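Following the working numbering from start to finish, the sequence shown increments by one per residue and tops out at 798. Ideal Cβ placement from N, Cα and C applies to all residues, glycine included. Everything numeric in this text was worked out from a predicted model, so none of it was measured.
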Amino acid sequence: MSESVLDLFVIGGGINGASVARDAVGRGFSVGLAEMNDFASGTSSAATKLIHGGLRYLEHYEFRLVHEALAEREILWAAAPHIIRPLRFVLPHHKGLRPAMVLRTGLAMYDYMGGRKLLPPTKTLDLTRDVTGKPLKPGFRLGFEYSDCWVDDARFVVLNLRDAANKGAKIYPRTKVTSARKENGAWTISLEGEGGTQTVRAKMIVNAAGPWVDNVINGVMGKNGAHNVRLVQGSHIVVKKLYDHDRCYIFQNGDGRIIFAIPYQDDFTLIGTTDRDYKGDPKDVKISQEETDYLLSAASEYFAKPVTKDEIVWTYSGVRPLFDDGASAAQEATRDYVLKVEGDKTTGAVVNVFGGKLTTSRRLAESVLEKIEEVLGKKKGAWTKVSTLPGGDFGPLSFDAEVRRLGLDYPELPGTLLKRLMRLYGSKARVLLGDRKTVDALGQHFGADLYAAEVDYQVEHEWARTAQDVLWRRTKLGLRVGAEDVARLEGHLAA
């Protein structure tokens, strides 16, 4: 058993756990974090991939959440301008649903509450003249265009963890916490995974296990009867590109829900999400036929050319671990986060984290740190608001200029490859490429524009272990490679 006692041990390697670990170690706390699978392999890679205020949350009077989320958009964009970028969303007015005045009022609040400095404001569109009206049915004449942001969700998690590790946090990938027991004023935590069986000691635990947070309370910590989480399934479909412009759509549906249609990975359109209660094991979640039909039908209500099942190239599904507030419908359950503290400094304390979302993960971490500091005392102050994630050390409006600079330094490499590397790794693309100036120098080819140099970088710096990690979480090149490419990649990773 290790003689040293960590200040903090985080259970869960999704965005909440990663953000807490990063914030805590940056304040001077000693931190460990364990994730039983690959990082961001659960809820945090199954999102609609937006940094947004949550326009529809206004209808449920979640004003604090919306205000906090809107304020975070430009903070996070500045922190990670490689993996986060601004988007414009078009909301067509559907005459049978919410009145135009309600939409105008909601978007005016959205602009007013948002703390915008760089993101452009809402404007009204004549869909009979604007390019965004062309893919839609001719009955849609009035639209509203507003701003939010896109994020590469799984990379957002990995970069938070990379920064935490750079600052001294001990990160345990593919390592399950099998038990946590209070002994002699601290937690004794048993781990089983990549490093074999290990035991660590910590003064405090943060349970950020997402859909498994109640399992940790009941199983790992030996308590019975915990039921704090409402599991809500959200599913998405990715189809062949539906239109040529770069704007997104937000569509209202007759059941009160909304879906998005978003340009995705250059050649595709992402459509989602659904909202329905989920009763199974979170690891088994997958899109149902009912959800597929719902998304196809909802999109076809707006697009002039119906969206059909044969256009689907990929689907993904996740479970949102919402705090169970007793709401009658899944779409009405609060998206806000809830923190519960048990224990104290003398016996060992735990913060259980319920809910949360990508957009508010940094603020959630600050709130968790307030709870930690109440128990363990303060060290350094809050710092993440003006920080950057690895690779994000350039201005939020400078992405295109950075791509051009990279092209000048690597003139023989394809421009599409350099842009993709800049989008994923930011300034760290130069570390990845090093002195490899030609395609031949990048090593073995695994299909699309994936080469050994990038894979090896992910293994060394980003905890990638399997082809799934590389193709679906560190990148989305799984959309572009074949079975033979995957087999070669698996062979390389096993070597």
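Contact between asparagine 510 and isoleucine 318 is absent: CB atoms are separated by about 15 Å, not below the 8 Å threshold. When the beta-carbon positions are compared, alanine 324 and alanine 472 come within less than 7 Å of each other.
Lysine 352 is classed as buried because its beta carbon has at least 16 other beta carbons within 10 Å across all chains shown. Assigned with DSSP and collapsed to three states, arginine 550 falls in coil, not helix or strand.
As a beta-bridge residue in DSSP terms, aspartate 580 pairs with Val535.
Each residue's CA atom was taken as its position, placing glutamate 486 and tyrosine 619 some 42 Å apart.
By the neighbour-count definition (other C-beta atoms within 10 Å, threshold 16), glutamate 635 is an exposed residue.
The bridge partners DSSP lists for isoleucine 387 are Val454. Under the Cβ criterion (8 Å, minimum of three pairs), the stretch 369-380 counts as touching the stretch 411-424. The C-alpha of phenylalanine 571 is placed about 29 Å away from the C-alpha of histidine 795. Straight across, the Cα-Cα distance linking phenylalanine 702 with lysine 470 is about 26 Å. Boundaries of the beta strand (DSSP E) harbouring tyrosine 475: 473-475, taken from the DSSP string. Per DSSP, tyrosine 619 is one residue of the beta strand (DSSP E) stretching across 615-626. DSSP assignment within the stretch 361-407 yields the following whole alpha helix (DSSP H) runs of 4 residues or more, N-terminal first: 366-382. Contact annotation: valine 308 and arginine 504 have beta-carbon atoms nearer than 7 Å.
Leucine 379 sits buried, since 16 or more C-beta atoms from the chains shown fall within 10 Å of its C-beta.
Between the stretch 517-531 and the stretch 564-579 there are fewer than three C-beta pairs closer than 8 Å, too few to call the two in contact. Restricting attention to Glu669, Phe392, Lys543 and Ala564, the CA atom closest to the CA of glycine 320 is found in Glu669. Nearest neighbour of glycine 710 by Cα position, chosen from Lys740, Gln592 and Pro395, turns out to be Lys740. The stretch 435-446 and the stretch 394-401 touch, with no fewer than 3 CB-CB distances between them shorter than 8 Å. As summarised for the stretch 311-354, the continuous alpha helix (DSSP H) elements at least 4 residues long and confined to that stretch are 318-329, given in chain order. The stretch 651-660 makes no contact with the stretch 537-546; the number of CB pairs closer than 8 Å stays below 3. Residue range 664-679 is occupied by the alpha helix (DSSP H) that includes leucine 672.
Assigned with DSSP and collapsed to three states, asparagine 521 falls in helix.
Check the Cα spacing between asparagine 518 and each of Lys479, Lys506 and Thr502: the tightest is with Lys479.
Taking the C-beta atoms as reference points, valine 461 is found no nearer than 7 Å to glutamate 715. Of the residues Pro384, Val762 and Ile540, the one whose Cα lies closest to the Cα of leucine 782 is Ile540. Residue state for tyrosine 567 is assigned as strand, using DSSP reduced to three classes. Using a Cβ distance threshold of 7 Å, valine 328 and alanine 467 count as a contacting pair. Rounded to the nearest whole angstrom, the CA to CA distance from leucine 721 to glycine 750 is 16 Å.
Counting the other CB atoms within 10 Å of its CB gives arginine 533 a total of 16 or more, which places it among the buried residues. Fewer than three beta-carbon pairs drawn from the stretch 327-345 and the stretch 358-371 are found closer than 8 Å, and the two stretches are therefore not classed as touching. Counting along the chain, the unbroken alpha helix (DSSP H) around leucine 599 starts and ends at 592-603.
In the DSSP annotation of this structure, glutamine 501 is not part of any alpha helix (DSSP H); the continuous beta strand (DSSP E) holding it starts and ends at 499-510. Assignment of beta-bridge partners to alanine 652 by DSSP yields Met507.
Assignment of glutamine 634 by DSSP, reduced to helix, strand and coil, places it in the helix class.
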